[in-house]
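Since the structure comes first, as structure tokens, the remarks are kept for the end.
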């Protein structure tokens, strides 16, 4: 008999808010801060092809997400799916790595706001320089800006999911308008030209290697669409709509990324642009590129757009990190405080405050050091994608004649094939990140950070495993899935 307390989240999220959570989280600051970095790695067309292929693979993975959300509309996402398919130990692994990925992205979005301030107000931000980490100057002003953003968005999220969803949608609309204005400006002003995009790929490597380099970061570039299952318990609509929201958010994100790459690379011959950025030691190459043809008005537009991207990233991943830790707390693998809900707003406020507290450490280490951790977090996201697609693969059957004793299954050879492709894609992403000879292999610092996180996870699991493993299967099913039988 189930006798353990299971707290539930309020159903308050509308479909367009959920779409905005996924789209805004996937875009974040990356579309506005990273174009020149990516162009240098792969060339403009290499980046666009890599990103669009990445979006297509994420859509294939999204088939598995859509099915599992409809079947199990509970918070926890990949933590719950790994439990369904592979049991509680693998559920902890998926949840542990995904928690890291979400928290890293919250921290990186906060640091991107400080980077924007450094570009717009360089003299102000330089005052109070304290020390340098990996060549990056850390000032008290940057720390204050990033910290203030983290505190404000933590408070915003504690206010409730509906409040967060409404603001996320407004931020996303402004972001899309900003990209549209930059694109219109590039078309109707002198200077920008499609001729500047040549050569399409970087001359120092093959086109295939260029595309693979960008494809490897697709789990990081599009992480955010998987915020949808984290919010599934709070849907104020039928869970079967989730698949459509995933596809539309990924399509919009892929087009937004591609637009910013082409706008940036088209401002002047892109190799000249990168040389100019290196010579001037520019803080923000994309901002310089926009300023070259739209002046300060362009800087204002892209600054507004990147602010919206940062805000949507902060908001979306605060939601996901807190829901994931809430689900793990409800399953008793995290301390009891994580399953508490705010007495007034009904939100998992401990997870929100925990995310904020961890992220408040990050601004003190400088942006470069944080990038090492974020590179490594792509590994965690790819692991989560694998567990989701592998679980969906178990639920689909090739034909009626196929015997399955473990779960109630669905005959759908097409979806089973797509979930298989999703599994292979997730493993491919992991191989590109972890194999030393891959063009997208993690750097030494990222490997060290990954090792430290794994070690902390092992220690954490050993301290909590007795309680976690003592709960019988029916009770655990109820705590994670709100049903005793799967």
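Residue numbers (this note's numbering): 1 to 486.
Think of the CB as a built atom: it goes at the ideal place given N, C-alpha and C, for glycine as much as any other residue.
My guess is that residue 154 and residue 476 are in contact by the Cβ rule of under 8 Å, so how many angstroms apart are they, rounded? Not quite, the Cβ-Cβ distance comes to about 30 Å (not below 8 Å), so this is no contact.
May I ask you to list the residues that DSSP assigns as paired with residue 410? Per DSSP, 396.
Quick check: what's the CA-CA separation for residue 345 versus residue 320? Straight-line measurement puts the Cα of residue 320 at about 17 Å from the Cα of residue 345.
Is the segment 307-324 touching the segment 22-36, taking contact as three or more C-beta pairs under 8 Å? Touching, yes.
Residues in the same chain with beta-carbon distance under 6 Å from residue 290, minus the five sequence neighbours each way, listed in chain order, please. Excluding sequence neighbours, residue 290 sits near 298, 302.
Do residue 55 and residue 250 have their C-beta atoms closer together than 7 Å? Taking 7 Å as the Cβ cut-off, residue 55 and residue 250 qualify as a contacting pair.
My guess is that residue 205 and residue 323 are in contact by the Cβ rule of under 8 Å, so how many angstroms apart are they, rounded? Cβ atoms of residue 205 and residue 323 stay farther apart than 8 Å, at about 40 Å.
Could you say which of 80, 395, 135 lies nearest to residue 329 if we only look at CA atoms? Residue 80 holds the alpha-carbon nearest to the alpha-carbon of residue 329 among 80, 395, 135.
By Cβ distance below 6 Å, which residues in the same chain neighbour residue 200 in space, the five residues on each side in sequence not counted? So the qualifying residues of the chain are 43, 45.
Sort out for me which residues DSSP pairs residue 129 with in a bridge. DSSP, once it has assigned bridges, lists 139 as partnering residue 129.
Just to confirm, is the Cβ distance from residue 150 to residue 110 under 7 Å? When the beta-carbon positions are compared, residue 150 and residue 110 come within less than 7 Å of each other.
Name the DSSP beta bridge partners of residue 235, please? 13.
The alpha helix (DSSP H) that contains residue 42, what's its start and end? Its alpha helix (DSSP H) spans residues 35-42.
Using the C-alpha atoms, what's the distance from residue 64 back to residue 446? Spanning the two alpha carbons is a distance of roughly 29 Å.
Out of 414, 451, 351, state which residue places its alpha-carbon closest to the alpha-carbon of residue 377. The shortest Cα separation from residue 377 among 414, 451, 351 belongs to 451.
Are the segment 135-142 and the segment 167-185 touching by the rule of at least three beta carbon pairs closer than 8 Å? Contact fails: fewer than three Cβ-Cβ distances are below 8 Å.
Does DSSP put residue 435 in a helix, in a strand, or in coil? It is coil, neither helix nor strand.
Could you name the residues of the same chain whose beta carbon sits closer than 6 Å to that of residue 82, not counting the 5 residues immediately before and after it, in chain order? Same-chain partners within the cutoff: 90, 91, 94, 387.
Does residue 489 pass the burial test, meaning 16 or more other C-beta atoms within 10 Å, or should it be called exposed? Here the chain covers residues 1 to 486 and nothing more, so residue 489 does not appear.
Assuming residue 243 and residue 66 are in contact, meaning their beta carbons sit under 8 Å apart, how far apart are those beta carbons, in whole angstroms? Cβ-Cβ separation between residue 243 and residue 66: approximately 3 Å, consistent with a contact (criterion under 8 Å).
Short check: CB of residue 53 to CB of residue 165, under 7 Å? No; because the gap between Cβ atoms is not below 7 Å, this pair is not in contact.
Look up residue 123 in the DSSP assignment and say whether it is helix, strand or coil. It is helical.
C-beta atoms of residue 372 and residue 449 nearer than 7 Å: In contact: residue 372 and residue 449 (Cβ atoms closer than 7 Å).
For residue 268, three-class secondary structure by DSSP: For residue 268, the secondary structure class from DSSP, reduced to helix, strand or coil, is coil.
Report the option in 193, 214, 351 whose CA atom is closest to the CA atom of residue 202. For residue 202, the closest of 193, 214, 351 by C-alpha to C-alpha distance is 214.
Is it the case that the Cβ atoms of residue 438 and residue 430 are separated by a distance below 7 Å? Residue 430 is positioned such that its CB atom lies no closer than 7 Å to that of residue 438.
Using the rule of at least 16 other Cβ atoms within 10 Å of the residue's Cβ for burial, across every protein chain shown, is residue 187 buried or exposed? In this structure residue 187 is exposed. Its beta-carbon is surrounded by fewer than 16 other beta-carbon atoms within 10 angstroms.
Going by DSSP in three states, residue 372 sits in which element: helix, strand or coil? It is helical.
Take residue 294 and list the residues in its own chain whose beta-carbon comes closer than 6 Å to its own, dropping the five residues that flank it on each side. So the list reads 185, once near-sequence residues are dropped.
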